[in-house]
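Numbering (the working numbering), first residue to last: 114 to 392.
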């Protein structure tokens, strides 16, 4: 499937491996055949092919949605104050999602002064399990003609929402909207440490640490840096809490309510420094 995105087709000759393709791209970048942006994009395709949908979704706590019980005036204000053009619509809470709304349809009703029922204007959402491969989501979106899917856990509870824009960002990197800052999910500080966003996908942390797997990753199934930090600490952390892994120090710098917002990752310069810090 990754080859399809890259525009490559399968042949009867011995298959080339993912590592071989990455090696060729890296060599091509070194001699100037490929630019850094092209190399990053190809690597992004392979990362996307390895991810499940809950690694690229917007978590439930971050979803901006419309309440079908709100007045038309309240709905209009929320739409006008938002940068989004499409919204999940629910009744009272996200436990009761009824569909996806194109904000343009509501605005047209206001412009023409036409009464409307929000529930009659929504399209049926696509529901998928949280362990669905991200590549499968891309296929479902293409087949279903919609831009969004709603992700549920094994008990049917809403966990998040993923869009075509999330797919694009998963491949090419974060794309700030006009009203967002361009702050990166990974900031390299002057002292060589890294300031990480809590929502940074866990596979990008593994690339940074140069490891194939993190402790308890298979057992727990965390998908973000914040989830990994919570698992290591064993509870909802507070700013200032820290732990050690490999030759690194992880420190919680900021919390957004119960969510880990920022994490400082520092590498020890020597084993002695690491030992002294632990003591």
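Backbone N, C-alpha and C fix where the C-beta goes; we use that ideal spot for every residue, glycine too.
Because the structure is a prediction, the values reported are computed rather than measured.
Tell me the rounded alpha-carbon separation between residue i and residue j.
{"i": "residue 366", "j": "residue 307", "result": "11 Å"}
{"i": "residue 259", "j": "residue 356", "result": "43 Å"}
{"i": "residue 361", "j": "residue 343", "result": "16 Å"}
{"i": "residue 295", "j": "residue 255", "result": "Bear in mind that the predicted position of residue 295 carries a pLDDT of just 46, short of 50, making it unreliable; the figure below should be weighed with that in mind. Their Cα atoms are separated by approximately 29 Å."}
{"i": "residue 247", "j": "residue 175", "result": "19 Å"}
{"i": "residue 345", "j": "residue 363", "result": "10 Å"}
{"i": "residue 370", "j": "residue 220", "result": "34 Å"}
{"i": "residue 237", "j": "residue 211", "result": "7 Å"}
{"i": "residue 380", "j": "residue 216", "result": "47 Å"}
{"i": "residue 190", "j": "residue 198", "result": "13 Å"}
{"i": "residue 250", "j": "residue 257", "result": "10 Å"}
{"i": "residue 327", "j": "residue 155", "result": "24 Å"}
{"i": "residue 299", "j": "residue 309", "result": "5 Å"}
{"i": "residue 378", "j": "residue 222", "result": "50 Å"}
{"i": "residue 204", "j": "residue 185", "result": "14 Å"}
{"i": "residue 318", "j": "residue 325", "result": "10 Å"}
{"i": "residue 188", "j": "residue 276", "result": "22 Å"}
{"i": "residue 230", "j": "residue 152", "result": "48 Å"}
{"i": "residue 266", "j": "residue 143", "result": "43 Å"}
{"i": "residue 130", "j": "residue 304", "result": "38 Å"}
{"i": "residue 354", "j": "residue 372", "result": "14 Å"}
{"i": "residue 228", "j": "residue 281", "result": "36 Å"}
{"i": "residue 323", "j": "residue 329", "result": "17 Å"}
Please state the DSSP three-state secondary structure of residue i.
{"i": "residue 236", "result": "strand"}
{"i": "residue 371", "result": "coil"}
{"i": "residue 354", "result": "coil"}
{"i": "residue 335", "result": "coil"}
{"i": "residue 407", "result": "Examination of residue 407 is not possible in this model, given that the chain is present from 114 through 392 alone."}
{"i": "residue 272", "result": "strand"}
{"i": "residue 164", "result": "coil"}
{"i": "residue 349", "result": "coil"}
{"i": "residue 382", "result": "coil"}
{"i": "residue 185", "result": "helix"}
{"i": "residue 300", "result": "strand"}
{"i": "residue 225", "result": "coil"}
{"i": "residue 141", "result": "helix"}
{"i": "residue 196", "result": "coil"}
{"i": "residue 287", "result": "coil"}
{"i": "residue 282", "result": "helix"}
{"i": "residue 230", "result": "coil"}
Check each candidate in the options and name the one with the smallest Cα separation from residue i.
{"i": "residue 351", "options": "159, 357, 239 and 339", "result": "339"}
{"i": "residue 179", "options": "235, 358 and 329", "result": "235"}
{"i": "residue 213", "options": "200, 322 and 164", "result": "200"}
{"i": "residue 202", "options": "314, 262 and 369", "result": "262"}
{"i": "residue 302", "options": "136, 376, 268 and 211", "result": "376"}
{"i": "residue 359", "options": "347, 382, 156 and 374", "result": "382"}
{"i": "residue 398", "options": "171, 133, 165 and 145", "result": "This structure gives no information on residue 398, because the portion of the chain shown stretches from 114 to 392."}
{"i": "residue 335", "options": "166, 136 and 137", "result": "166"}
{"i": "residue 173", "options": "309, 270, 324 and 187", "result": "270"}
{"i": "residue 315", "options": "157, 145 and 168", "result": "168"}
{"i": "residue 163", "options": "245, 368, 141 and 277", "result": "245"}
{"i": "residue 206", "options": "187, 183 and 226", "result": "183"}
{"i": "residue 132", "options": "160, 145 and 148", "result": "160"}
{"i": "residue 208", "options": "240, 279 and 331", "result": "240"}
According to DSSP, what are the bridge partners of residue i?
{"i": "residue 133", "result": "According to DSSP, residue 133 bridges with nothing at all."}
{"i": "residue 377", "result": "308 and 364"}
{"i": "residue 212", "result": "202"}
{"i": "residue 261", "result": "276"}
{"i": "residue 323", "result": "In the DSSP output, where bridge partners are listed per residue, residue 323 has none listed."}
{"i": "residue 241", "result": "264"}
{"i": "residue 180", "result": "203"}
{"i": "residue 314", "result": "337"}
{"i": "residue 171", "result": "274"}
Measure how close the beta-carbons of residue i and residue j come, nearest whole angstrom, since I'm counting them as under 8 Å.
{"i": "residue 272", "j": "residue 243", "result": "5 Å"}
{"i": "residue 274", "j": "residue 264", "result": "7 Å"}
{"i": "residue 286", "j": "residue 141", "result": "Not really, about 20 Å apart at Cβ, beyond 8 Å."}
{"i": "residue 232", "j": "residue 181", "result": "6 Å"}
{"i": "residue 337", "j": "residue 313", "result": "6 Å"}
For chain B, find out if any of its Cβ atoms is closer than 8 Å to the Cβ of residue i; answer yes or no.
{"i": "residue 138", "result": "Among the protein chains of the structure shown there is no chain B, as only one such chain exists."}
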